[in-house]
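In our numbering, the protein residues as written are 1 to 391. Note that CB positions come from ideal geometry on N, CA and C, so glycine has one too.
Encoded structure:
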């Protein structure tokens, strides 16, 4: 059989078999519901800031409200009540008002007065006093405004210019890295379990009668990898669609490039780990042994994930070195790229090393896979699988 056709048939079989499985459909549906809940539920608890309840002494001028409104930097707004000074003080003490301005002028605050409101009330009172003194001196409002307007002093900042979106870009990349980590682990386990199941029910013996082992390996990786990619696209697509209907912060400027690079490293990382998971599955014959065989790979993935997670916001030497190591690069390099810390040559070297390592691992795992696939009855040692494979 033509190699390309053989690989395509295996990939199509694994893809169709998994996508029709109830487990995949339920897990995908549950994941999409989690994405929706993660984005939508917080909006129900995000209470809008309530306007400040401020009591204004009836003896104060009418423009004091306008002054306070102009000083509000957050645009929260005010709910003004014109009352006597005694009622204003009692109202603040009882919690009916958040703060008060009384003639003098004097600022009245209580336990419920925020630091922001306290500053706004003091600023308004100060502005009122300055306006009164200016009027006594015969200064018109225009002259007063010119006197109080600070001059524009040019500033020469000699520190290196930082990317304002660096933190948000890396945070976005960390979210994608988490998704990729979960997908690689999930579908790597699927490949592992699938290989063990085929060994235990002797399906593989019939398949190997028509296709060579390494082609079966490549087809299985492509088929399940395509399924994993489909799920990632569905998750990201659902997040983007939901975000259109709710008030979310805008995505960072580098979001598109971060997504593209994350998908590139997903392909490389999945190819690397899926090959290793398949080889590990060929060495065991029972489901109980499968997790033990995959334990070293899971540890590597966890190490890569936590290295990336604890290095967000900085380009430390550990993260830099890890971005060149094949087991770590698929998760760590996208973070460095998103933060603008990875030079072009570093990306090129890491990419080349990853591709070369994946190719060598496919050659190595293909032989182990071939040698261990037909060995049943117990766990097969790596050396035995290597020696029993065709040269």
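- The closest CA to that of residue 5, considering only 21, 215 and 103, is found on 215.
- For residue 323, same chain residues with a beta-carbon under 6 Å away, outside a window of 5 residues either side, are 329, 332, 333, 336 and 350 in chain order.
- When 379, 370 and 270 are compared, the shortest CA-CA separation from residue 211 is found for 370.
- Under DSSP, residue 99 takes part in a beta bridge, and its partners are 54 and 109.
- In the three-state DSSP reduction, residue 83 falls in the strand class (E or B).
- DSSP places residue 328 in the coil class of the three-state scheme, outside both helix and strand.
- Rounded to whole angstroms, the gap between the alpha carbons of residue 171 and residue 309 is 10 Å.
- Look at residue 310 here: in three-state DSSP terms it is coil, with no helix or strand label.
- When the beta-carbon positions are compared, residue 128 and residue 64 come within less than 9 Å of each other.
- Out of 305, 291, 95 and 268, the CA that lies nearest to the CA of residue 191 is found in 291.
- DSSP, reduced to helix, strand and coil, places residue 78 within a strand of the structure shown.
- Following the DSSP letters along the chain, one finds residue 245 in no alpha helix (DSSP H), marked with neither H nor E.
- The continuous alpha helix (DSSP H) containing residue 3 extends over residues 3-19.
- If you ignore the 5 residues before and after residue 15, its C-beta comes within less than 6 Å of the C-beta of 223, 226 and 227, all in its own chain and listed in chain order.
- The shortest C-alpha to C-alpha distance from residue 316 to any of 339, 278, 299 and 109 is the one to 339.
- With contacts defined as CB atoms closer than 9 Å, residue 88 and residue 71 fail to qualify as a contacting pair.
- Take the alpha-carbon of residue 239 and the one of residue 264: they are about 20 Å apart.
- Of all C-beta pairs linking the segment 51-69 to the segment 25-42, fewer than three are shorter than 8 Å, placing the two stretches out of contact.
- Judged by DSSP in its simplified three-state form, residue 114 adopts coil rather than helix or strand.
- Shortest Cα-Cα distance from residue 230 to any of 179, 352, 131 and 382 involves 179.
- Taking the C-beta atoms as reference points, residue 297 is found nearer than 9 Å to residue 276.
- With distances taken between CA atoms, residue 11 lies nearest to 219 out of 219, 232 and 243.
- Relative to the Cα of residue 33, the nearest Cα in the group 107, 259, 237 and 289 belongs to 237.
- The C-beta distance from residue 272 to residue 186 rounds to 16 Å, too long to meet the 8 Å contact threshold.
- Collapsing the DSSP output to three states places residue 211 in coil.
- Sixteen is the threshold: since fewer than 16 other Cβ atoms of the shown chains lie within 10 Å of the Cβ of residue 345, the residue is exposed.
- With a contact defined as Cβ atoms closer than 8 Å, residue 109 and residue 235 miss out at about 48 Å.
- Here residue 22 carries a helix assignment [DSSP, helix/strand/coil].
- Apart from sequence neighbours up to five positions away, the residues of its chain that approach residue 31 with a beta-carbon distance below 7 Å are 235, ordered along the chain.
- With fewer than 16 neighbouring CB atoms inside 10 Å of its own CB, residue 246 falls in the exposed class.
- Contact check for residue 58 against residue 83 passes: the beta carbons are separated by less than 9 Å.
- Per DSSP, reduced to three states, the secondary structure at residue 342 is coil, with no helix or strand assignment.
- Residue 281 and residue 293 have their C-alpha atoms some 7 Å from each other.
- Cβ atoms of residue 365 and residue 278 come within 8 Å of each other, at about 6 Å.
- Per DSSP, the continuous alpha helix (DSSP H) segment holding residue 69 begins and ends at 64-71.
- The C-beta separation of residue 103 from residue 60 comes to about 6 Å, placing the pair in contact by the 8 Å criterion.
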